[in-house]
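In the working numbering, the protein residues as written are 392 to 515.
Glycine is no exception: its CB is placed at the ideal position from the N, C-alpha and C atoms.
In this text the structure is predicted, and so the values were computed from the model without any measurement.
Right, one structure below, let's go through it.
Listed below in structure tokens is the structure:
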């Protein structure tokens with residue numbers, strides 16, 4: 392996989408996650424990989440990466456751009472992923488960003504859960 396990534400100089404962090412990373416992949420499992428470049432990946436760059444990985448690995452590819460990753464997926468990537476490219480500092484910065492995003496997101500999540508509980512208990 393590093394061979395594929397070597398063709399994309401702007402990518403400085405790559406994390407393998409999902410069933411391939413946890414060694415629970417089946418024959419029909421896809422390759423889940425998250426990458427961070429110096430910029431948000433363009434559609435063309437994503438297509439090039441997906442095609443390069445698919446040709447090298449022989450599996451469908453699910454590519455996540457870590458420049459602006461969705462929650463809670465980023466948390467899953469941090470928790471279960473295996474870094475295949477990048478420094479400890481780059482991964483630590485990603486983990487820190489995840490922690491800050493979760494802190495910002497938690498009040499909204501808590502409020503939504505309270506509203507659901509209230510709606511459910513008031514139906515009785």
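In the DSSP assignment, residue 432 falls outside any alpha helix (DSSP H) and carries neither an H nor an E. Note that the C-beta distance between residue 407 and residue 472 is below 8 Å. When DSSP states are grouped into helix, strand and coil, residue 426 belongs to the strand group.
Between residue 402 and residue 510, the alpha-carbon positions lie close to 46 Å from each other. Out of 411, 502, 491, the CA that lies nearest to the CA of residue 450 is found in 411. Ranking 492, 448, 425 by CA distance to the CA of residue 437 puts 425 first.
Between the segment 461-471 and the segment 482-493, the count of C-beta pairs closer than 8 Å reaches three or more; the two stretches touch. Check the Cα spacing between residue 455 and each of 392, 428, 508: the tightest is with 428. Here the alpha carbon of residue 441 sits roughly 8 Å from the alpha carbon of residue 453. In this structure, the alpha-carbon of residue 460 lies about 26 Å from that of residue 417. Under the DSSP assignment, residue 473 falls in the beta strand (DSSP E) whose first and last residues are 473-476.
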